[in-house]
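Numbering (the numbering used here), first residue to last: 369 to 673.
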């Protein structure tokens, strides 16, 4: 879920980092994240060897002020001259206490080279994914002082009626408060009667009683990926049986027929609108945790969780 917050905090101090030493001419590093890395909190350092010699890296260390400790990849990798190799590692836990601001933050990679050499270089996150991870995880960290949020129940529906999700809030007993502003859609469901974010306008304090909020939803798309229920399964099964009969009439062929039909399972299947199952809940967004009256803001807008 995507959240926006503002909490009070002390002035952060930067974490000391050794002075950077340059790599050989023609060798560059970049920080990025693949789609397959997101769920496992992984990241990649791409080492681009534009020199005329092979580069052998025996270990890699990633250090960033917005993450706790260092991430070490203790594995030998060879990057031939003129080639680029991606080195994957797991990100450390986000630092959510006394971390520096964006202007003072440093992010560096240290490469241990074959033969005993070492190079420490600043690394740029051109995608900005580490900023989003830090925002999301630190918002969750800050919000835990006020309450925990959880999708607690799902009630299916028949078309064209909306289904219903229940959002539960469990206060943690603290003295701070949080404003639940809105819930945003994902690419699968949307809200009944309004395509815009679903407005909540609820303030939760740490001493409140637990609450349940009902959120009406309808499928944004009606293919089996979005509508995961008995109705969709039966439609898919009937469509596949029809394709098999068509294949047997036209002739045999590997994953298709002699006329070049696409493989089974790759053609679009239409299903009737209705929501009997949900593969991904909508995103809770723009949550504004609030500290005691008059306290300065801690987290900036745009935080996601």
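By construction, the Cβ of each residue, glycine as well, lies at the ideal position given by its N, Cα and C atoms.
Going by DSSP, name the residue or residues bridged to residue i.
| i | result |
| --- | --- |
| residue 400 | 412 |
| residue 507 | Paired residue(s): none; residue 507 is not in a bridge. |
| residue 584 | 532 |
| residue 549 | Per DSSP, none; premise fails for residue 549. |
| residue 432 | 475 |
| residue 417 | 395 |
| residue 537 | 517 and 579 |
| residue 573 | 545 |
| residue 423 | 447 |
| residue 567 | 550 |
If we call anything under 8 Å between Cβ atoms a contact, is residue i one with residue j?
| i | j | result |
| --- | --- | --- |
| residue 341 | residue 477 | The requested residue 341 is not part of the displayed model; the chain covers only 369 to 673. |
| residue 401 | residue 495 | yes |
| residue 568 | residue 588 | no |
| residue 533 | residue 572 | no |
| residue 424 | residue 459 | no |
| residue 412 | residue 405 | yes |
| residue 443 | residue 410 | no |
| residue 524 | residue 560 | no |
| residue 491 | residue 398 | yes |
| residue 391 | residue 487 | yes |
| residue 566 | residue 551 | yes |
I'd like the list of long-range same chain contacts for residue i, defined as Cβ closer than 6 Å, with 5 residues on each side in sequence excluded.
| i | result |
| --- | --- |
| residue 418 | 394 |
| residue 396 | 416 |
| residue 578 | 538 |
| residue 448 | 422 |
| residue 432 | 475 |
| residue 429 | 438, 440 and 478 |
| residue 379 | Per-residue confidence for residue 379 stands at a pLDDT of 40, beneath the threshold of 50, marking its modelled position as unreliable; no derived number is given. |
| residue 470 | none |
| residue 454 | 412 and 414 |
| residue 427 | 442 and 480 |
| residue 570 | 548 |
| residue 436 | 460, 461 and 463 |
Please go through the same chain and pick out, in chain order, the residues whose beta-carbon is closer than 7 Å to the beta-carbon of residue i, but skip the five residues on each side of it.
| i | result |
| --- | --- |
| residue 434 | 462, 463, 467, 473, 498 and 502 |
| residue 575 | 539 and 541 |
| residue 521 | 534 |
| residue 445 | 425, 453 and 455 |
Residues in the same chain with beta-carbon distance under 8 Å from residue i, minus the five sequence neighbours each way, listed in chain order, please.
| i | result |
| --- | --- |
| residue 518 | 535, 536 and 538 |
| residue 564 | none |
Is there a Cβ from chain C that is less than 8 Å from the Cβ of residue i?
| i | result |
| --- | --- |
| residue 565 | This model lacks chain C altogether; it includes just one protein chain. |
Considering only heavy atoms of the ligand ADP, does any lie closer than 7 Å to the CB of residue i?
| i | result |
| --- | --- |
| residue 443 | With respect to small molecules bound, the structure shown includes none, and the ligand ADP cannot be examined in it. |
**Q.** Complete beta strand (DSSP E) runs within the segment 437–515 (minimum length 3 residues, chain order)
**A.** 438–441, 445–447, 452–458, 475–481 and 486–490
Q) Between the segment 506–523 and the segment 544–557, do at least 3 Cβ pairs fall closer than 8 Å? A) With a cut-off of 8 Å, the segment 544–557 and the segment 506–523 count as touching, because enough Cβ pairs lie within range.
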